[in-house]
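Number of protein chains: 2
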Amino acid sequence: MQDTPKTRLHVDSPLAEGQAIGLDHERAHYLRHVLRLERGDAVAVFNGTDGEWLAVIDGFGKGWCSLTVQARRRAQQDGPDLWLLFAPIKRGRIDTVAEKASELGASRIWPVFTRHTDPHRVNMDRLRANAVEAAEQCERLSVPDMPEPVQLHKALADWPAERVLFLCAESGSARPVAEAVRDFAGRPAAFLVGPEGGFAKSELDDLSKLPFVVPVGLGPRVLRADTAVFAALACWQALVGDWTASGGDARPPFRAAEDARGQPI
Amino acid sequence: MQDTPKTRLHVDSPLAEGQAIGLDHERAHYLRHVLRLERGDAVAVFNGTDGEWLAVIDGFGKGWCSLTVQARRRAQQDGPDLWLLFAPIKRGRIDTVAEKASELGASRIWPVFTRHTDPHRVNMDRLRANAVEAAEQCERLSVPDMPEPVQLHKALADWPAERVLFLCAESGSARPVAEAVRDFAGRPAAFLVGPEGGFAKSELDDLSKLPFVVPVGLGPRVLRADTAVFAALACWQALVGDWTASGGDARPPFRAAEDARGQPI
Numbered sequence: 001m002q003d004t005p006k007t008r009l010h011v012d013s014p015l016a017e018g019q020a021i022g023l024d025h026e027r028a029h030y031l032r033h034v035l036r037l038e039r040g041d042a043v044a045v046f047n048g049t050d051g052e053w054l055a056v057i058d059g060f061g062k063g064w065c066s067l068t069v070q071a072r073r074r075a076q077q078d079g080p081d082l083w084l085l086f087a088p089i090k091r092g093r094i095d096t097v098a099e100k101a102s103e104l105g106a107s108r109i110w111p112v113f114t115r116h117t118d119p120h121r122v123n124m125d126r127l128r129a130n131a132v133e134a135a136e137q138c139e140r141l142s143v144p145d146m147p148e149p150v151q152l153h154k155a156l157a158d159w160p161a162e163r164v165l166f167l168c169a170e171s172g173s174a175r176p177v178a179e180a181v182r183d184f185a186g187r188p189a190a191f192l193v194g195p196e197g198g199f200a201k202s203e204l205d206d207l208s209k210l211p212f213v214v215p216v217g218l219g220p221r222v223l224r225a226d227t228a229v230f231a232a233l234a235c236w237q238a239l240v241g242d243w244t245a246s247g248g249d250a251r252p253p254f255r256a257a258e259d260a261r262g263q264p265i
Numbered sequence: 266m267q268d269t270p271k272t273r274l275h276v277d278s279p280l281a282e283g284q285a286i287g288l289d290h291e292r293a294h295y296l297r298h299v300l301r302l303e304r305g306d307a308v309a310v311f312n313g314t315d316g317e318w319l320a321v322i323d324g325f326g327k328g329w330c331s332l333t334v335q336a337r338r339r340a341q342q343d344g345p346d347l348w349l350l351f352a353p354i355k356r357g358r359i360d361t362v363a364e365k366a367s368e369l370g371a372s373r374i375w376p377v378f379t380r381h382t383d384p385h386r387v388n389m390d391r392l393r394a395n396a397v398e399a400a401e402q403c404e405r406l407s408v409p410d411m412p413e414p415v416q417l418h419k420a421l422a423d424w425p426a427e428r429v430l431f432l433c434a435e436s437g438s439a440r441p442v443a444e445a446v447r448d449f450a451g452r453p454a455a456f457l458v459g460p461e462g463g464f465a466k467s468e469l470d471d472l473s474k475l476p477f478v479v480p481v482g483l484g485p486r487v488l489r490a491d492t493a494v495f496a497a498l499a500c501w502q503a504l505v506g507d508w509t510a511s512g513g514d515a516r517p518p519f520r521a522a523e524d525a526r527g528q529p530i
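Respectively, the protein sequence lines represent chains W and D.
Counting in the numbering used here, the first sequence runs from 1 upward without gaps.
Counting in the numbering used here, the second sequence runs from 266 upward without gaps.
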């Protein structure tokens, strides 16, 4: 096996020895003119189901690049089953949320509109591009599932009963995040982070009636929405996710590779 | 006591009943022309030593604003003793590091230059402004101490022996952050986060010889430097800092959702 290639790419193609892969104009340009890679140079590729493979550049053309898949470098392994639901925030900050949630191992990143959510639409192409780039850089073997944004009540209406939804609360009555997260170790989990303006009282009332909702507190300071996202995901990973000593073994149930590619809802 | 003012300001003046405070041109402009506050309106002020006070606007002039301090709203309380040492990263990302470290309750934010650190200087005025703005918004009663940047070896040369320095390591041999942090509960702590290019081998060798250094791992994915900062500080606060249940005694009051809409200064 060659040295670790510096470049990792997420691709949609199946990966197997000898498989040919075509890259689109944007990526071909990036490899050729930004990274200055040449025919014969190696990159790492992954598609979320077949592990990570070494692929070698066969050639470039006007607007394309072809690769041939060679040896497998890592077997597919699915990360923890951890969703993030968050109220869209303004551009710049929302890009960082997608990037960091991907790095912090969220399996699903799902924008949900709440009463006080300010942006009324989300550029999902842009958000997905940020998450994919982060996945490539941080050595994930899959990219987060990123369904189209929905109203919060719609996301809750079809909620899978076994998945605990940690509500990042602004009020002091919530349980400290470390305690709550440990109590639900082994359960599929999700965090819900509200907009900068907070949830409406009626939303909090509705949430409090749902059996899978557990309000959690993130300390005495009033965190911005993006900070709450980073903090919540990191705490979960450190306490019951794949940052623990047991790492892979005692991790909460893993998704099958197929599910990791998730269907948009 | 009046309702919680939406605006919080960090000031340098002593705070006591009847004390007059003058604001500089920039802040006077902000209060008058951006927030459209008027004579008689109230703001909250804190200076890091005297708690938080209500102050009322006496008047505006060309380039100034005067306030009179009225009632004390919160007694001074010191946050956890948690330092952040980090290798400067590029503009934009370094601003976010200052903002988030302040929100996440770092008591000291200290840029340190390492072998592979790319920016060779840091705009400390800008960094401090970001940290102060975050402190105002997140209801801290103090702003982080932000010493001038130094070479890493200088910061380590005078290191206080009782303070554990958690080294955010890129290699898998480090102990999981949650375990390590719990082992040193009750000790003054610091995190050291290296540059995007990682530490040099000689730096890691030197660090490994220091009795107060404890390498910690932040999971299997390769985190960007800024992500490592957010994750490390959040984990510490959640596990042994003021996000724990016992931290509750020392917690300041929470803002209601309505107040959380307050604008940063």
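Note that the Cβ used here is the ideal one computed from N, Cα and C, for glycine as well.
The structure presented is a predicted model; accordingly, all values stated were derived computationally and were not measured.
Where residue i meets chain W, residues with beta-carbon distance less than 7 Å
i, result
"D:Glu-444", "Ala-245"
"D:Val-483", "Inspection of the sequence shows that residue 483 of chain D is occupied by Leu rather than by Val. Here the neighbours are Trp-243."
"D:Glu-368", "Arg-221, Leu-223, Arg-224 and Thr-227"
Chain W within 7 Å of residue i, Cβ atoms only
i, result
"D:Ala-490", "no"
"D:Val-487", "yes"
"D:Glu-401", "no"
"D:Phe-456", "no"
"D:Glu-435", "no"
"D:Pro-345", "no"
"D:Glu-461", "no"
"D:Lys-365", "yes"
Inter-residue Cα distance where the pair is residue i and residue j
i, j, result
"W:Ala-44", "W:Ala-71", "10 Å"
"W:Phe-166", "W:Gly-219", "15 Å"
"W:Gly-198", "D:Pro-425", "41 Å"
"W:Ala-232", "W:Leu-210", "20 Å"
"D:Pro-279", "D:Thr-269", "21 Å"
"W:Ser-208", "D:Thr-314", "39 Å"
"W:Trp-236", "W:Ala-189", "9 Å"
"D:Val-397", "W:Ala-28", "44 Å"
"D:Asp-306", "D:Lys-271", "10 Å"
"W:Gln-77", "W:Asp-226", "28 Å"
"W:Ala-55", "W:Trp-64", "15 Å"
"D:Lys-327", "D:Leu-288", "11 Å"
"D:Val-334", "D:Asp-323", "10 Å"
"D:Glu-291", "W:Asp-125", "39 Å"
"D:His-418", "D:Ala-465", "13 Å"
"W:Ala-129", "W:Glu-103", "13 Å"
"W:Pro-111", "W:Thr-96", "13 Å"
"W:Ala-20", "W:Leu-127", "28 Å"
"W:Glu-99", "D:Arg-304", "44 Å"
Closer than 7 Å to chain D by CB, residue i
i, result
"W:Cys-235", "yes"
"W:Phe-86", "no"
"W:Ala-75", "no"
"W:Ala-231", "yes"
"W:Met-1", "With a pLDDT of 46 at W:Met-1, under the threshold of 50, the modelled position of this residue cannot be trusted; read the value that follows with caution. With 7 Å as the cut-off, W:Met-1 does not count as an interface residue toward chain D."
"W:Pro-5", "no"
"W:Ala-250", "Confidence at W:Ala-250 is low in this model, with a pLDDT of 39, below 50, so the placement of that residue is unreliable and no value is reported for it."
Contact set between residue i and chain D, taken where Cβ atoms lie within less than 7 Å
i, result
"W:Arg-140", "Arg-486"
"W:Leu-239", "Ala-443"
Interface residues of chain D facing residue i [CB-CB closer than 8 Å]
i, result
"W:Glu-17", "Within 8 Å Cβ-Cβ: nothing; W:Glu-17 doesn't reach chain D, min ~26 Å."
"W:Ala-161", "Within 8 Å Cβ-Cβ: nothing; W:Ala-161 doesn't reach chain D, min ~27 Å."
Chain W contact residues for residue i, given Cβ-Cβ distances below 9 Å
i, result
"D:Leu-472", "The premise fails here: D:Leu-472 is roughly 21 Å from chain W at the closest Cβ pair, so nothing lies under 9 Å."
Along the chain, which unbroken stretches of the alpha helix (DSSP H) at least 4 residues long are found entirely within the stretch 349 to 411 of chain D?
358 to 368 and 389 to 403
Taking only runs of the beta strand (DSSP E) that begin and end inside the stretch 475 to 519 of chain D, which ones reach a length of at least 3 residues, in chain order?
478 to 482
Start-end ranges of the beta strand (DSSP E) lying completely within the stretch 4 to 78 of chain W, minimum 3 residues:
For the stretch 4 to 78 of chain W, whole beta strand (DSSP E) runs of length 3 or above, ordered along the chain, are 8 to 10, 20 to 23, 42 to 46, 52 to 61 and 64 to 74.
Members of the stretch 273 to 306 of chain D near chain W, C-beta cut-off 9 Å
none
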